[in-house]
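Numbering (our numbering), first residue to last: 28 to 634.
Comments concern the structure below.
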């Protein structure tokens, strides 16, 4: 399955105008089994805003190898002028190449957490080299597609400010990544921008991240750089979302061989074969830790390639190629101030991340614009451009109210829709873009049904009548709404109980009857197409809906045959009278979220 491939220009333009990348060769290596305690070498990394790659001393003090299937580790003591200046190993030094006698032995990858900032763990280079031998099925992309997202990124030369709600710093650690986390700490440096405190908490919950915080720094210019060159010891970034909202990590390049690259010495998200952004990175400076490791203050910069492997021993990537992505645009409108703001971001194509990151972008954009968690009413209208549906678009509009932080509720349907697209069991679906429009006002827009009056009480099967519904909006005058209703062709003679409610409310009697009849089935039994249709048909909070509300007794085969015959007679009668038997929607949109249920009864005549 081919997916959208981000490039700034068409491939033809690239061939003509882009100069070839400078080629770096893989150095000679010193294998793990030739290492001994007491050996002394050098590690290389960037620690300040000069961008200069500096070295510090490394002395091997131990080797661990617990046999087949276990991760081999080199333990070393660090020293030298650079280490004295930084106060020990910094977060952001992950991937720093370590050489002994000019031969590469591995990448600095971890330290003893909150204990000794001068003791380092090194991942052997043989373990990292295996990343280059792994299959890369996610590299199958369309070279002749262009993405507006990349072009939009290049329109602005203004640096972005990282928004921070805490003064402390921490690495990214996933819940699943529990390899002795009480003792060993990865030394990559988390990079996050655009997300406010609410957005960070959302990411922590949805992505299973802990201690998600960072320093407030200015990032370098953004966009795509087609001719980037890196060398061992250079600063490097990896990101899963890029743009007005970014989330990733910065570390150090371990080895470069032509366009191939190794870095970090440990995983980022530990997701195997991936499509992540590879970026250059700028180091601003460093901050020493009080009780443990300090951190490099660094920001991700230009997109320079694609990270294609994210494994326990490190990350691997390819310079000059770019990941499949999902561009997302979120426009927020403040109805009270008549103010509007648009945010753009690009999500690396990962079916597990797209729903959560898409929702996180929408939620944070609303949170930043509203700047309040007090009661609010929100209207959200989204459009997912995808080949998962026949018409190429999965669109939905709804209204939400909550007494606190309404955004948490409002983005759930967007997340659900993205989950549906990403859970196609038949094939991988393309997502060409996501557009989200949100309007909000800091007031309560709810209404209760206070009366329902049918235009006539006696009706025939197949007949359409109007119900006049009186609504009592919150602290506003009563309003009347006309709600059409078509009597079912199979309606039996006698009383017909109706329930009028908001679109999000399911009539209790009907739900019980469906459950008793075995009509409610598990999602696993539904086809992908049925799940999409069911989602799109789900009632909206601001709709008035009329449905049969009485719980009927289970029908016998004879009763079913009688109803079919009755429906045919009713249809023939309507046709003879020149009346269309086409069913109306039995629902109507309102300007309010309907918060209750009202009942009425019709009398069905014999056909």
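Cβ atoms here follow ideal geometry from the backbone N, Cα and C, with glycine treated the same way.
DSSP places residue 313 inside the beta strand (DSSP E), whose first and last residues are 299-314. DSSP places residue 333 in the strand class (E or B) of the three-state scheme. Under the three-state reduction of DSSP, residue 520 is assigned to coil, being neither helix nor strand. Of the residues assessed, residue 563 falls on the exposed side of the cut-off, its CB having fewer than 16 other CB atoms within 10 angstroms.
Closest in C-alpha terms to residue 629, from the list 599, 618, 574 and 104, comes 574. Short of 6 Å from the beta carbon of residue 623, and not among the five residues preceding or following it, lie these beta carbons of its own chain, in chain order: 475 and 476. Shown here, residue 563 sits in a helix according to DSSP, grouped into three states.
The segment 426-439 makes contact with the segment 381-401: 3 or more CB pairs, one atom from each, lie closer than 8 Å. By the C-beta criterion, the segment 449-467 is judged not to be in contact with the segment 475-491, since fewer than 3 inter-stretch pairs fall below 8 Å. For the options 453, 414, 347 and 565, the alpha carbon positioned closest to that of residue 255 is the one of 347. The DSSP assignment places 434-437 and 439-449 as complete runs of the alpha helix (DSSP H) inside the segment 412-500, in order along the chain (cut-off: 4 residues).
With contacts defined by Cβ atoms closer than 7 Å, residue 300 and residue 165 form a contacting pair.
For residue 624, the enclosing beta strand (DSSP E) starts and ends at 624-631. Residue range 366-375 is occupied by the beta strand (DSSP E) that includes residue 368. Judged by DSSP in its simplified three-state form, residue 218 adopts strand.
Excluding its 5 nearest sequence neighbours in each direction, residue 274 has C-beta neighbours in its own chain below 6 Å: 219, 267 and 268, listed in chain order. Taking C-beta separations shorter than 7 Å and ignoring five residues to either side along the sequence, the partners of residue 392 in its chain run 357, 359 and 370, following chain order. Apart from the 5 residues on each side of it in sequence, residue 64 sits with its Cβ closer than 8 Å to the Cβ of 87, 88, 89 and 90 in its chain, given in chain order. Distance from the CA of residue 486 to the CA of residue 511, rounded to the nearest whole angstrom, comes to 13 Å. Nearest Cα to residue 417 within the set 85, 559 and 530: 559.
Within the same chain, Cβ atoms closer than 6 Å to the Cβ of residue 323 are found at 117, 119, 216, 310 and 313, the five residues on either side in sequence being excluded. By the neighbour-count definition (other C-beta atoms within 10 Å, threshold 16), residue 502 is an exposed residue. Residue 387 carries a helical assignment under DSSP once its states are collapsed to helix, strand and coil. In the three-state reduction of the DSSP assignment, residue 164 falls in the helix class, which pools H, G and I. At least 7 Å separates the beta-carbon of residue 333 from that of residue 342. For residue 444, the closest of 527, 556 and 70 by C-alpha to C-alpha distance is 556. Linking residue 105 to residue 83 through their CA atoms gives a straight-line distance of about 7 Å.
The C-beta distance from residue 390 to residue 229 rounds to 6 Å, short enough to fall under 8 Å. Taken through DSSP and simplified to helix, strand or coil, residue 57 comes out as coil.
Note that the C-beta distance between residue 270 and residue 103 is not below 7 Å. Sixteen is the threshold: since fewer than 16 other Cβ atoms of the shown chains lie within 10 Å of the Cβ of residue 616, the residue is exposed.
DSSP, reduced to helix, strand and coil, places residue 104 within a strand of the structure shown.
Bridge pairing for residue 284: 287 [DSSP]. By the CB criterion at 7 Å, residue 296 and residue 328 fall outside the cutoff. Among the bridge pairs identified by DSSP, residue 131 is matched with 56 and 126. Counting along the chain, residue 93 sits inside no beta strand (DSSP E), nor does DSSP assign it H or E at all.
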